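Peer 1: A single structure is presented below for examination.
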Amino acid sequence: MLLWIIQRDLLLAMRRQSDVLTTLFFFIIVVSLFPLSVGPEMNMLRTMAPGIVWVAALLASMLSLGRMFSSDYLDGTLEQMLLSPHSLFLLVLGKALAHWLVTGVPLVLMAPILGIQYDLPADALFVLTASLLLGTPILSLIGAIGAALTLGLRGGGVLVSLLVLPLYIPVLIFGSGAVEASSAGLGYGAHFSLLGAFLLVAVAFSPWATASSLRISME
Amino acid sequence: MLLWIIQRDLLLAMRRQSDVLTTLFFFIIVVSLFPLSVGPEMNMLRTMAPGIVWVAALLASMLSLGRMFSSDYLDGTLEQMLLSPHSLFLLVLGKALAHWLVTGVPLVLMAPILGIQYDLPADALFVLTASLLLGTPILSLIGAIGAALTLGLRGGGVLVSLLVLPLYIPVLIFGSGAVEASSAGLGYGAHFSLLGAFLLVAVAFSPWATASSLRISME
Amino acid sequence: MNWENWSEFFAMGGYGFYVWGSYVVSFVCIVGEVMLVSKRRRTLQKQRGLIHEPTTKEIENETTP
Amino acid sequence: MAINWFKYSSPATYYSLAGKLIPIFTVAAVLLAIAGLYIGFFVAPTDFQQGEAYRIIFIHVPAAWMSMFLYLVMAFWAAIGLAFNTRLSSMIATAIAPTGAMFTFLALWTGSLWGKPMWGTWWVWDARLTSELILLFLYIGFMSLQAAIDDPRRADKAGAVIALVGVVNIPIIYFSVNWWNTLHQGASVSLTQSPKMASTMLLGMIIMSLACWMYAIAMTLIRSRVIILERERHTAWVAELHEKEAA
Amino acid sequence: MLRGNDLVCVRGDRRLFEDVNFFLDAGGIMRVSGPNGSGKTSLLRMLCGLSLPAHGEISWRGTAIRSLGGEYYNEVTYLGHLAGVKDELTAIENLRISSALAGAEIGEDKAREVLQYVGLGGRELLPVKVLSQGQKKRVALARLLVSSTALWILDEPLVALDTSAIKMIKDLLEQHLAQGGMVVMTTHQEIDIAAATIQQLQLA
Amino acid sequence: MLRGNDLVCVRGDRRLFEDVNFFLDAGGIMRVSGPNGSGKTSLLRMLCGLSLPAHGEISWRGTAIRSLGGEYYNEVTYLGHLAGVKDELTAIENLRISSALAGAEIGEDKAREVLQYVGLGGRELLPVKVLSQGQKKRVALARLLVSSTALWILDEPLVALDTSAIKMIKDLLEQHLAQGGMVVMTTHQEIDIAAATIQQLQLA
Ligand code: HEM
Ligand SMILES: Nc1ncnc2c1ncn2[C@@H]1O[C@H](COP(=O)(O)OP(=O)(O)OP(=O)(O)O)[C@@H](O)[C@H]1O
Ligand SMILES: Nc1ncnc2c1ncn2[C@@H]1O[C@H](COP(=O)(O)OP(=O)(O)OP(=O)(O)O)[C@@H](O)[C@H]1O
Ligand SMILES: [Mg+2]
Ligand SMILES: [Mg+2]
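Residue numbers (our numbering), protein chains in the order written: chain A, 44 to 262; chain B, 44 to 262; chain C, 1393 to 1457; chain D, 20 to 266; chain E, 42 to 245; chain F, 42 to 245.
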């Protein structure tokens, strides 16, 4: 069931062609806007780089949250999912994973290239990528809760950011903190273990919260 | 007619209560995210501030573009607008202005307070606010074209950013450039006259381009 | 008593703007909150004649949890 | 004790009980505030380090405390409402949120007004300040979510979910922000706390905190009564109530 | 007045219909019928100029509608599958906005009266999203009552309506026709409408 | 099997219906009728557990549906106003996905065959968004052909369908009933269905 729902969502993402690409381009554009607006000094850009990449990743992942449930909601598929004999927990977990595969993974793959634009050294690049790899699934999982709660509310797109961004903050801090720690020559192990712990907690609880939110929203 | 459509859109915005507020809070949150991911050193934050505020304003304005036409499109109102005997140019201009009133103006009003968080001096705050006042209507007008072109495409939300961001870049550069110039003690008059010129061009041409895009999207 | 006279009290040792800025805004917020709630209540009372339909049968079991 | 608690969880009973309690809490809040302000401004001595500016403390600290407590209280009632489907507790949660947000705002406002003379800047990205700011966002998120939903039952439940998720996150946010802040060489300025506070200062602060508590309770009662009236305006007992009031 | 000449509709690889010819005069009704997917909606959208025929021409009072623009839209009202009704607004606001958009502003009292007539009395102030399917459709149809255009193009106006509402629409159409109006409509349901000239256009 | 006891539905300030009681046994059909906005859709959503009645209880084989959960959903198929059909996917993909979701996976050949039967032969590979209203509805209804559930809850299944499709649905329902299935449906159109027991539930 889990695999099956992931497969379906990936199929839909492929069918809508531009979905994967556009999130990715959004990420790239936001990261590239900063040198334009902040100015071209390399030293400063280098210090800012992990922060900017992380904020951009967070925004990109957040902006695509809207699509996680809303199209299923509008055309009645979600109603059918609630009426399905399958476990809603798994269904929701599947959807969050599919979201991550479609939005998170491309970001992770793209990050090193963007890091090079900001002249990051190789090990910082590695830490940046690894932190994104650990962090982006958390974003998808937490985001699912917000997306489920704001279902069908017309102002939804922006409301979801309001709900979800404060919850993203720890991920952001530890994600970008890891890179900065490694640049400063400090260990980043602690950051990574914390991110890992967040991930475990999120996998265990967020589908459950999301499932109840969905039931609430559909009532 | 112009007034009338503005009034209608404002009514809709009020009805959806949270619309105005959520764009604003999005702006605030994005601006407040950066220190979290870049780190709390005030000196660095002060140099980044104009760039960050401008990028955040641009994102906030862009994200609310989706709502400019899409709900009218989904429920068939847009079809009715195309079939209306009124001038489509004015209709579109009205919608863009309403969008600016709902999203741009609150940002302009909020910017000084956020600038204070970044410890900007008083005159930089003034230039920042003035540049936003000149710049945000351009964002709404240009954005309208993108919103019209991506109407009804499911990946729309992100596709519109892709189309519109490149066009926003000059506004971003001159807007944040003005603040930096004033901080550096240089004149910012040239930046402002350029922004003003952009604004005039946008008012003259963008409604026209938007109107034709709408016709194309609806065919 | 800390203060020789009122003007000293208002000056707050040069920090008047900050101290009074805090207290005045706090006071305004509290008054504002009270006013918002009472306005909400008044709108409700204004509406009640319009909205209440004595014809619909009342819902007794709605009042208990 | 044979109190029937469920009796008080019926909106009708609560409504009249709250009506009786409101004056008590209001009077208590006013009296305590007068006493607290008197102590704060006329009894407490000038601080040798900060001069008179420290007098902001009598509003700043109570506001900061309230902002945090109220979030917990709100989440508690919301959780009860979600778990036992008691609408009254959800309404109380809804009624608390604006007051909590107001105190959060006041803590930020008075804090930055304090920061300017003490640190020379309105704002620093200090751990405590930052988490207070995030708390404001959590409140606003809760309120806008509820405002965006028309159906009150759904609004209650959705609000409860976000309040609970937020409550789990508050410690995480607090510690992460704290850690984030101290990993770097730290903010160039830190809270200049005098280790031994004059006992009158402490007294003034505590009395002002109590005043804020009373105010928050009174406000919650008042607002929850309005919410009850809004939601139950079509029930028999509200109609009776109106008739009684009209007579 | 409204004439279609050798109209051809192509969708994807399919030629939905070809050689469709008709002429509709004042007081006449044309009912377009055909099984699902035969191109009824596509034809109606062509008639309002929302899409172009692959071949052939549509003319109004002798002029091709393509060259008429706004003038034509002063005389046409189109109600498609989508009602053009805003979920967040109340029925009154919806009606006032949609008729103002169509160039015929109406006051609040008039709107209230019209909504009363279509059976939404007492529900004028609810946001439309809480209304039932049929009630939403009624809000959309209420526009016809305040429209002063000559040509009505209606795509399945009877969907989701109950019998009393169908009767109301029937009366409304008959009155419009009697005053010299014109109607082009599709429907899968049976409905008898008295008119000066009744045409049936069978697709596929 | 399906029993409703003293059901009350409250929407906003309105009490839509009260004291609704019914009992539906194997082979029986219940047609819920009433004017627009009388609460038919609301009742049907209650019957599937999508919303809760303000008062009263719905039970299936003697157990309240609230306490049944997934077990109940193994035996119910609900088709609402919204078809649950994805615009971007083809008819085949839609059918396979929706039946897998309902717990009955089918292969590609089977799906093709079913779509052929509902009259979409040759259009199985088009994205659903280009299909006509009626064809979309057929894609949604195709699910009934592969469903093995006992209780079908259908909200206006006939909307937008042409006469041949209505005939098909009629046959399908009769066959389902003959095999001991149950149907609860609403429709504003006339349709005669032969069944062991036929009930009419009139709202408002
Ligand atoms: C926007 C700025 C500020 C914010 C958001 C803020 C927030 C807070 C919070 C949340 C508390 C309660 C902490 C706790 O009980 O653990 C607090 C307490 C306190 N704050 Fe602030 N504060 C700000 C600025 C300042 C400034 C500028 C000063 C002094 C120079 C200051 C001095 C204090 C003191 C003395 C306490 C009491 C500490 C205690 O009792 O443990 N704050 N503030
Ligand atoms: N890209 C395409 N490729 C093939 N066929 C297409 C394409 N786009 C549309 N069609 C076909 O065009 C037709 C559209 O028909 P239309 O919506 O006009 O039908 P209709 O007569 O209104 O039907 P209904 O009674 O169901 O509303 C459908 O048969 C559809 O399959
Ligand atoms: N918040 C609300 N306040 C008042 N009335 C409401 C509210 N929400 C829904 N309603 C009413 O509830 C009813 C919903 O009816 P429902 O959708 O069940 O009707 P239906 O019988 O399916 O009608 P149709 O035949 O048009 O599909 C409508 O009459 C609507 O006006
Ligand atoms: Mg059609
Ligand atoms: Mg219905």
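Even for Gly, the Cβ is constructed at its ideal location relative to N, Cα and C.
Small disclaimer: the values here were computed from a predicted structure and weren't measured.
Which of the three DSSP states is assigned to Glu98 (chain F) in this structure?
Peer 2: strand
Peer 1: Would you call the CB atoms of Val169 (chain E) and Val126 (chain E) closer than 8 Å?
Peer 2: yes
Peer 1: Apply the 10 Å Cβ neighbour rule to Pro250 (chain A) and answer buried if 16 or more other Cβ atoms are within range, or exposed otherwise.
Peer 2: Flag for Pro250 (chain A) reads buried.
Peer 1: Ignoring anything shorter than 4 residues, give me the alpha helix (DSSP H) runs that lie fully in the region 124 to 160 of chain B, in order along the chain.
Peer 2: Taking only runs of at least 4 residues, the alpha helix (DSSP H) segments lying wholly in the region 124 to 160 of chain B are 131 to 142, 148 to 160.
Peer 1: Let me check you understand the geometry: is the CB of Ala201 (chain E) closer than 7 Å to at least one non-hydrogen atom of ligand 3?
Peer 2: yes
Peer 1: Please indicate yes or no: does the CB of Thr149 (chain D) lie closer than 7 Å to some heavy atom of ligand 3?
Peer 2: no
Peer 1: Starting from the C-beta of Leu229 (chain D), find all residues in its chain whose C-beta is less than 6 Å away, skip the five residues before and the five after it, and write them out in chain order.
Peer 2: Leu51
Peer 1: Measuring from the CB of Gln230 (chain F), is there a heavy atom of ligand 3 at a distance below 7 Å?
Peer 2: no
Peer 1: In whole angstroms, what is the alpha-carbon distance linking Leu133 (chain B) and Ala132 (chain E)?
Peer 2: Their backbone Cα atoms lie some 25 Å apart in a straight line.
Peer 1: From the beta carbon of Asp203 (chain E), is the nearest beta carbon of chain F less than 8 Å away?
Peer 2: Any Cβ of chain F closer than 8 Å to the Cβ of Asp203 (chain E) would place that residue at the interface, and such an atom is present.
Peer 1: Return the residue from the list B:Phe68, B:Leu54, B:Ile95, B:Arg89 that minimises the CA-CA distance to Leu175 (chain B).
Peer 2: B:Ile95
Peer 1: Do the region 178 to 185 of chain E and the region 127 to 147 of chain E touch if we need at least three Cβ pairs shorter than 8 Å?
Peer 2: Cβ pair count under 8 Å is three or more, so yes.
Peer 1: Quick one: does the C-beta of Gln240 (chain E) sit closer than 7 Å to a heavy atom of ligand 4?
Peer 2: no
Peer 1: Quick one: list the residues of chain F neighbouring Pro76 (chain E), beta-carbon separation under 7 Å, in chain order.
Peer 2: Asp203, Ser205
Peer 1: For Glu134 (chain F) and chain A, any beta-carbon pair shorter than 8 Å?
Peer 2: yes
Peer 1: With 16 as the cutoff for other CB atoms within 10 Å, does Tyr161 (chain B) come out buried or exposed?
Peer 2: buried
Peer 1: For Gln241 (chain F), does the three-state DSSP call read helix, strand or coil?
Peer 2: Here Gln241 (chain F) carries a strand assignment [DSSP, helix/strand/coil].
Peer 1: Helix, strand or coil for Met226 (chain F)? Go by DSSP, reduced to three states.
Peer 2: DSSP places Met226 (chain F) in strand when its eight states are reduced to three.
Peer 1: Grab the span of the alpha helix (DSSP H) containing Asp115 (chain B) for me, first residue to last.
Peer 2: 109 to 117
Peer 1: Does ligand 2 have even one heavy atom less than 7 Å from the beta-carbon of Gly90 (chain E)?
Peer 2: no
Peer 1: Do you know offhand how far Leu43 (chain E)'s Cα is from Val117 (chain E)'s?
Peer 2: Answer to the nearest angstrom: the Cα atoms are 11 Å apart.
Peer 1: When you measure from the CB of Gln165 (chain D) to every non-hydrogen atom of ligand 5, does any distance come out below 7 Å?
Peer 2: At a cut-off of 7 Å, the beta-carbon of Gln165 (chain D) does not count as near ligand 5: no heavy atom of the ligand is closer than that.
Peer 1: Tell me the DSSP bridge mates of Leu48 (chain E)?
Peer 2: E:Val61
Peer 1: How long is the line joining the alpha carbons of Arg52 (chain E) and Ser100 (chain E), rounded to whole angstroms?
Peer 2: 22 Å
Peer 1: Grouping DSSP H, G and I as helix and E and B as strand, with all else coil, what is Ser189 (chain E)?
Peer 2: DSSP, reduced to helix, strand and coil, places Ser189 (chain E) outside both helices and strands of the structure shown, so it counts as coil.
Peer 1: For a test of your reading of the model: does the CB of Asp54 (chain F) fall under 7 Å from any non-hydrogen atom of ligand 3? Yes or no.
Peer 2: yes
Peer 1: Along chain D, in chain order, which residues have C-beta atoms closer than 7 Å to that of Thr66 (chain B)?
Peer 2: Going along chain D, no residue has its Cβ under 7 Å from Thr66 (chain B), so there is no contact; the nearest lies around 11 Å.
Peer 1: Ser195 (chain D) to Tyr57 (chain D), Cα distance in whole Å?
Peer 2: 39 Å
Peer 1: Mind pulling the chain C residues with CB within less than 8 Å of Ile115 (chain D)?
Peer 2: In chain order: nothing, as chain C lies at least about 12 Å away.
Peer 1: Where does Val73 (chain E) sit, in a helix, a strand or coil, going by DSSP?
Peer 2: strand
Peer 1: Chain C beta carbons: is any one of them nearer than 8 Å to that of Thr118 (chain D)?
Peer 2: yes
Peer 1: Mind the definition here: the region 102 to 117 of chain B touches the region 214 to 230 of chain B only if three or more C-beta pairs lie below 8 Å; say whether that holds.
Peer 2: no
Peer 1: With a threshold of 7 Å, establish whether the CB of Thr82 (chain F) neighbours any heavy atom of ligand 6.
Peer 2: Ligands in the displayed structure: ligand 1, ligand 2, ligand 3, ligand 4 and ligand 5; ligand 6 is not one of them.
Peer 1: Ligand 5 heavy atoms versus the CB of Gln174 (chain E): any closer than 7 Å?
Peer 2: yes
Peer 1: In angstroms with no decimal places, state the Cα-to-Cα distance between Asp196 (chain E) and Thr228 (chain E).
Peer 2: 7 Å
Peer 1: Return no unless some Cβ of chain F is closer than 8 Å to the Cβ of Leu92 (chain E).
Peer 2: It should be pointed out that residue 92 (chain E) corresponds to Ser in this sequence rather than to Leu. Output row for Ser92 (chain E): interface = no.
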